[in-house]
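**Student:**
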Amino acid sequence: MTAFPHDRLIHGLAAELTPVRRLPPPSLRALAWLAAVAVIAVCLAAFADIDAVRQRLAAAPDLWLAVLGSTLTAVLAAIAAFELSLPDAPRDWAALPLPAALLWVAASGFGCLRVWIAPQTHVAALSEARDCLVFIVALSVPLSALLLVMLRRACPLRPGLTAAVGGLAVAAAAATLLNFFHPYDAAAADLSVHAAAVAAVVAANRALGGRIFAGRIFAAAALPNDVTAAGAGSN
Amino acid sequence: MPQRLQLNVMTLPADGRLLPSPFPCKATLVSRVRDARMVKAGPQNRSTDDLRRGAQMAAAQAGDRAAYEALLRDCVPLIKAVAVRQAVPLDLVDDVVQDVLLTVHRARQTYDPARSFTGWLRIIAERRAIDLLRRVGRQRARELHVPLTFESYADENADPAGRSDYAAGSRRVKEVLATLPERQREAVQLLVLAEQSLAEAAIATRRSKGALKVNLHRALKALRAKFDEKRL
């Protein structure tokens with residue numbers, strides 16, 4: 000062949016070049032995903048007792064802060080995940096949702112004290128807490144699927160981190176929407192179930208999404224075959 | 000590039016002592032800041048080479064194969080320089096080049112022509128170089144390169160004579176079988192060698208099950224006698 004060692008690969012890549020549509024900026028793509036979440040929120044709100052939710056939030060300021068924290072976490076984590084999905088993104092983007100997540104955890108943690116501060120409030124029984132778990136996990140499945148498909152269009156070179164931050168966005172969004180159907184004040188057992196659900200969603204996203212992204216990037220097996228075939232044909 | 004390579008040579012601090020430069024794998028704060036600045040550089044700060052590469056990549060996104068091929072060729076020395084700077088062993092530099100070319104191909108829709116192409120490429124090349132070093136490190140921790148093992152240690156379970164013994168045995172059985180009367184031979188072939196059931200063999204030979212059993216027993220008795228005779 001030629002003296003140039005990568006000629007064959009370059010020729011093959013050029014031969015299979017197809018026009019691509021440039022990706023929109025990450026913040027716009029994050030906004031698209033958040034819009035989908037908002038549509039789901041509107042649909043769920045139609046079934047929820049909005050007045051009761053409003054009264055409950057007004058009565059307990061720490062709940063307000065927790066909802067604010069989880070909403071902010073969802074928005075910031077979605078932006079961070081789309082930024083991280085670019086191949087040249089710095090790792091520091093992963094820190095973007097952390098302050099909001101801290102607010103969320105701190106405000107929720109304050110709810111654990113409720114049993115001692117106001118013993119007469121109705122706290123969730125374990126069976127009701129299980130409903131929370133089911134709700135968060137079930138809502139996370141379609142949200143995760145949508146997010147993974149959208150993130151996959153880019154080329155994350157840090158697959159595990161990108162998928163984990165995406166998982167945080169999904170879990171935070173699901174936890175925010177849970178407030179529509181949460182007619183009792185959060186308490187320690189309930190909150191630990193929420194935390195477990197969020198952790199499970201993040202871990203599942205990291206494992207599954209990380210594998211999907213890594214398979215696309217690191218297992219170059221599908222591409223070189225095409226490329227070498229194309230390169231061999233041209234020789 | 001000459002500016003970059005200088006990071007790896009000895010630096011002379013103000014107090015005059017000679018100190019080795021920071022380990023090349025670790026990007027220094029200065030180079031990180033410069034990376035960030037290069038990526039976000041506006042068109043006025045970009046070199047003509049970089050602007051040309053950016054334009055070629057934009058053309059490649061639209062499907063221009065000639066521009067893409069020229070661009071990838073142009074990338075190879077840049078990728079090699081990055082790989083060497085990341086302390087990739089020289090025999091693995093070409094692997095990094097291939098990985099990066101494939102990654103650029105996969106990620107071509109993420110390139111924004113408003114940004115520096117060279118900076119984009121360099122960050123991808125650095126990451127793929129580190130990925131490769133990790134992969135090789137993991138592989139070396141798991142695997143041993145011992146090319147002479149096969150020659151130095153014999154396989155204790157290997158039995159080169161076994162195969163010929165088996166061939167000789169089956170030949171002897173065939174010879175002895177040929178000396179049996181036809182009905183007995185038939186019974187052995189169907190019931191023992193072909194592993195058919197009595198019922199199947201009975202249908203195939205149109206004989207009764209009892210007759211087949213009798214023939215088999217007679218055949219086995221005759222075979223045993225003949226083998227004993229040969230062994231003696």
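Respectively, the protein sequence lines represent chains Z and G.
Each residue of the first sequence is one higher than the one before, counting from 0 in numbering that gives the first Met the number 0.
Each residue of the second sequence is one higher than the one before, counting from 0 in numbering that gives the first Met the number 0.
All residues carry an ideal CB built from backbone N, CA and C; glycine is no exception.
Output the boundary residues of the alpha helix (DSSP H) element that contains Leu-30/Z.
**Tutor:** 25-46
**Student:** Anything in chain Z within Cβ reach of Ile-123/G, meaning under 8 Å, just list it in chain order.
**Tutor:** Pro-86, Asp-87 and Leu-156
**Student:** Take the Cβ of Ala-231/Z as the centre, count every other Cβ of all protein chains shown within 10 Å, and call the residue buried at 16 or more, exposed below.
**Tutor:** With a pLDDT of only 37 at Ala-231/Z, under the threshold of 50, the placement of this residue in the model should not be trusted, and no figure is reported.
**Student:** Does the beta carbon of Gly-209/Z come closer than 8 Å to any beta carbon on chain G?
**Tutor:** no
**Student:** Helix or strand or just coil, what does DSSP make of Asn-156/G?
**Tutor:** coil
**Student:** Give the residues from the stretch 47-80 of chain G that approach chain Z closer than 7 Å (Cβ to any Cβ), ordered along the chain.
**Tutor:** Ala-59, Gln-60, Ala-61, Gly-62, Arg-64, Tyr-67, Glu-68, Leu-71, Arg-72 and Val-75
**Student:** Counting beta carbon pairs with one atom in the stretch 40-48 of chain Z and one in the stretch 79-88 of chain Z, are three or more of them shorter than 8 Å?
**Tutor:** no
**Student:** Return no unless some Cβ of chain Z is closer than 8 Å to the Cβ of Ala-26/G.
**Tutor:** Low confidence applies to Ala-26/G: its pLDDT is 49, below 50, so where it sits in the model is not reliable, and the reading given next is rough at best. No, because no Cβ of chain Z sits closer than 8 Å to the Cβ of Ala-26/G.
**Student:** Leaving out five residues before and five after Leu-16/Z in sequence, what residues of the same chain have Cβ atoms less than 8 Å from its Cβ?
**Tutor:** The answer is none, since no qualifying residue turns up.
**Student:** Anyone know if the C-beta pair for Val-135/G and Leu-91/G falls short of 8 Å?
**Tutor:** yes
**Student:** Quick one: complete alpha helix (DSSP H) runs, 4+ long, within the stretch 109-177 of chain Z?
**Tutor:** Runs of the alpha helix (DSSP H) inside the stretch 109-177 of chain Z: 113-116, 125-151 and 158-177.
**Student:** Consider the Cβ of Val-164/Z: report whether some Cβ of chain G lies at a distance smaller than 8 Å.
**Tutor:** no
**Student:** Are the CB atoms of Asp-61/Z and Ala-128/Z within a distance shorter than 8 Å?
**Tutor:** Between Ala-128/Z and Asp-61/Z, the CB-CB gap reaches or exceeds 8 Å.
**Student:** Please confirm whether Ala-128/G and Val-87/G have their CB atoms less than 8 Å apart.
**Tutor:** yes
**Student:** Can you give the Cα-Cα distance for Ala-173/Z and Pro-24/Z, rounded to whole angstroms?
**Tutor:** 25 Å
**Student:** Where do the N-terminal and C-terminal ends of the alpha helix (DSSP H) with Tyr-67/G fall, by residue?
**Tutor:** Unbroken alpha helix (DSSP H) run through Tyr-67/G: 64-84.
**Student:** Any C-beta of chain G within less than 9 Å: which residues of the stretch 11-26 of chain Z qualify?
**Tutor:** Per Cβ criterion, the list reads Leu-12, Ala-13, Ala-14, Glu-15, Leu-16, Thr-17, Pro-18, Val-19, Arg-20, Arg-21, Leu-22 and Pro-24.
**Student:** Within 10 angstroms of its Cβ, does Thr-47/G collect 16 or more other Cβ (buried), or is it exposed?
**Tutor:** exposed
**Student:** Give the interface partners of His-5/Z over in chain G, defined as CB-CB distance under 9 Å, in chain order.
**Tutor:** Leu-71, Arg-72, Val-75, Asp-93, Val-96, Gln-97 and Leu-100
**Student:** Would you say Leu-95/Z touches the ligand NAP, meaning its beta carbon is less than 7 Å from a heavy atom?
**Tutor:** Absence of the ligand NAP is noted for the structure shown, with no ligands found whatsoever.
**Student:** Taking Cβ-Cβ distances shorter than 9 Å, what residues in chain Z pair up with Gln-108/G?
**Tutor:** The contacting residues are Val-19, Arg-20, Arg-21, Leu-22, Arg-152, Ala-153 and Cys-154.
**Student:** Any beta-carbon of chain Z closer than 8 Å to the one on His-104/G?
**Tutor:** yes
**Student:** Output, in chain order, the set of chain G residues within a Cβ distance shorter than 7 Å of Leu-142/Z.
**Tutor:** Under the 7 Å cutoff, chain G gives no residues; its nearest Cβ is about 23 Å from Leu-142/Z.
**Student:** Flag this pair as touching only if the stretch 163-176 of chain G and the stretch 206-217 of chain G have three or more C-beta atom pairs under 8 Å; answer yes or no.
**Tutor:** no
**Student:** Over the uninterrupted alpha helix (DSSP H) stretch that includes Arg-206/G, give me the two end residues.
**Tutor:** It is not in any alpha helix (DSSP H) - Arg-206/G carries neither H nor E in the DSSP assignment.
**Student:** If the cut is a Cβ gap below 7 Å, which residues of chain Z does Arg-126/G touch?
**Tutor:** Leu-156
**Student:** Nearest-angstrom Cα distance between Arg-184/G and Leu-190/G?
**Tutor:** Within the model, the alpha-carbon separation for Arg-184/G versus Leu-190/G is close to 10 Å.
**Student:** With distance defined between alpha-carbon atoms, name the residue in Pro-76/G, Arg-52/G and Leu-77/G nearest to Ala-65/G.
**Tutor:** Residue Arg-52/G is the option with its Cα nearest to Ala-65/G.
**Student:** Distance, Cα to Cα, Val-200/Z vs Ala-162/Z?
**Tutor:** If you draw a straight line from the Cα of Val-200/Z to the Cα of Ala-162/Z, it is about 11 Å long.
**Student:** Kindly indicate if chain G contains any beta-carbon less than 8 Å away from that of Leu-8/Z.
**Tutor:** yes
**Student:** Less than 8 Å between the beta carbons of Cys-131/Z and Val-192/Z, yes or no?
**Tutor:** Contact: yes.
**Student:** Leaving out the 5 sequence neighbours to the left and right, which residues in its chain are closer than 7 Å to Ala-59/G when beta-carbon positions are compared?
**Tutor:** Ala-66, Tyr-67, Leu-70 and Arg-107
**Student:** Return the CA-CA distance between Leu-95/Z and Ala-76/Z, expressed in angstroms with no decimal places.
**Tutor:** So the two alpha carbons sit approximately 7 Å from each other.
**Student:** DSSP on Leu-83/Z, reduced to helix/strand/coil?
**Tutor:** In the three-state reduction of the DSSP assignment, Leu-83/Z falls in the helix class.
**Student:** What does a CB cutoff of less than 8 Å around Leu-215/G pick up in its chain, not counting 5 residues either side in sequence?
**Tutor:** Taken in chain order, the residues that qualify are Gln-183, Ala-186, Val-187, Leu-190 and Val-191.
**Student:** Looking at the unbroken alpha helix (DSSP H) that takes in Val-95/G, where does it start and where does it end?
**Tutor:** 92-105
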